[in-house]
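Sequence positions in the sequence shown follow this note's numbering and run 21 to 169. C-beta: ideal position from N, C-alpha, C; glycine also. Just so we're clear, the structure is a prediction, and the values are computed from it rather than from any experiment. Down below is the structure, laid out as structure tokens.
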Amino acid sequence: MCELNRVVTGNETVLFHYRVLLADGRVIESSGANPESVCLGEGALPAKLEETFAGRHLGEAYHIDIDAEEQVFGVADDDNTIIFPLSEFPSGVEPVVGALFEFDLPHGDVSAGRVVRVEGQKVLMDFNHPLIGKNVRYEIKIVSVQAGS
């Protein structure tokens, strides 16, 4: 098959550019100049988003609208909001509402949270997925399709 006619069938590694837009058209995330890489079938993307790659062609650009009611990014969980002492933040860094911070977890992973409230020496962080409850559009352009690893 000619590489230009390559079709995504699943379990491949796909390199793609993307933008995530809110319902009002604001871009809230983008691959920028460097495309993102994903191994389909490994669950790195929400299933609804990953499924959109199947049958697409190399070079194809498309979009998918995701409604908040579909709960693609999960459901907000109050257990994912945690109060941290201000001393847990890097010296000289003052957390402000809306700012994102990454925290190292004991088993080596990293978790990102958004500052919800700052009161004195306490900072309320929300570790729920930031797109929960939001209508979004993903704009995607496939730039490479390679056999799975």
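Worksheet item: Under a Cβ-count criterion, where at least 16 other Cβ atoms within 10 Å of its own Cβ denotes burial, should residue 162 be classed as buried or exposed?
Response: buried
Worksheet entry | Between the CA atoms of residue 34 and residue 144 - distance to the nearest angstrom | 37 Å
Fill in: 8 Å contact criterion, which residue 97 and residue 31 should meet: CB distance rounded
That belief does not hold up - the Cβ atoms of residue 97 and residue 31 are roughly 31 Å apart, past 8 Å.
Worksheet item: Leaving out the 5 sequence neighbours to the left and right, which residues in its chain are closer than 8 Å to residue 69 when beta-carbon positions are compared?
Response: 84, 86, 92, 158
Worksheet entry | Collapsed DSSP secondary structure at residue 96 in the structure displayed | coil
Worksheet item: If you count every other CB in all the chains shown that lies within 10 Å of the CB of residue 48, and 16 or more means buried, which is it?
Response: exposed
Worksheet item: Mapping DSSP to helix, strand and coil, what is residue 68?
Response: helix
Discussion item. By alpha-carbon positions, which one of 74, 140, 63, 66 ends up nearest to residue 105?
Written reply: 140
Practice prompt. Count the other C-beta atoms from every protein chain shown that fall within 10 angstroms of the C-beta of residue 46, then say buried if there are 16 or more, exposed otherwise.
Written response: exposed
Practice prompt. Give the single residue among 138, 42, 58 whose Cα lies nearest to the Cα of residue 119.
Written response: 138
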